[in-house]
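Engineer: In this note's numbering, the protein residues as written are 6 to 222. The beta carbon of each residue, even a glycine, is placed where N, CA and C say it ideally should be. As the structure is a computational prediction, the values presented were derived from the model and not from experiment. Below: one structure in structure tokens.
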């Protein structure tokens, strides 16, 4: 909790150099993540066609299939963008690199939330898929507090809107969303604690480099 509070304070006083370093780390992770997304999207699409089509009604099958096709298409787009905009050092990081990482993370959160709501509505499921994706993004990507908090807040709001659109009762909304909100708060603590530690590590690295330069001189 101490690291979480420190990270909130730290995220408001980040140097451009540190932001580029964090963005570069996100860029490297995205290169591998997009491949995983494509494989996952292919798996979900195959499951829809081979299993869900035979075990569920056509309406539910089409909902899942459309969501997974969108997932697959965007995963390819993200992969192409990342691989054709790959950078070799953090010095060459541009503003648009920051946006693509945030977009990928937010897309994963919203897609998994939609799938979870559909599972809850038609299959007596739960938010497990959304929970896995929320916790995964908190561990994979490094975002300042305002960015990640905005993603989490939008995800919860999206889940609430979907619940209302699918005519969930108040009791159903409270019953299904309390765990999502709890997990989101936990993921926020995890994300910002790691962000704070990453900040400290990079600062230490800079201090060591400065010390070595002084010794050489």
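1) Give a yes or no on whether the minimum CB-CB distance between residue 41 and chain D is below 8 Å.
2) Using the C-alpha atoms, what's the distance from residue 131 back to residue 206?
3) What would DSSP say about residue 87, mapped onto helix, strand or coil?
4) Which residue spans inside the stretch 115-175 form an unbroken alpha helix (DSSP H) run of at least 4?
5) Quick check: what's the CA-CA separation for residue 185 versus residue 118?
6) Cβ atoms of residue 92 and residue 32: under 8 Å apart, would you say?
7) Rounded to whole angstroms, what's the CA-CA distance from residue 58 to residue 179? Just pull it up for me.
8) Can you tell me which of 83, 56, 187 puts its alpha carbon nearest to the alpha carbon of residue 36?
9) Candidates 39, 200, 181, 139: which alpha carbon is nearest residue 148's?
10) So is residue 26 buried or exposed if we call it buried at 16+ other beta carbons inside 10 Å?
Structural biologist: This is what the structure gives:
1) Any reference to chain D falls outside this structure, which holds one protein chain only.
2) 38 Å
3) helix
4) 133-145, 150-170
5) 10 Å
6) yes
7) If you take the alpha carbons of residue 58 and residue 179, they lie about 31 Å apart.
8) The alpha carbon of residue 36 has as its nearest neighbour, out of 83, 56, 187, the alpha carbon of 83.
9) 200
10) So residue 26 counts as buried.
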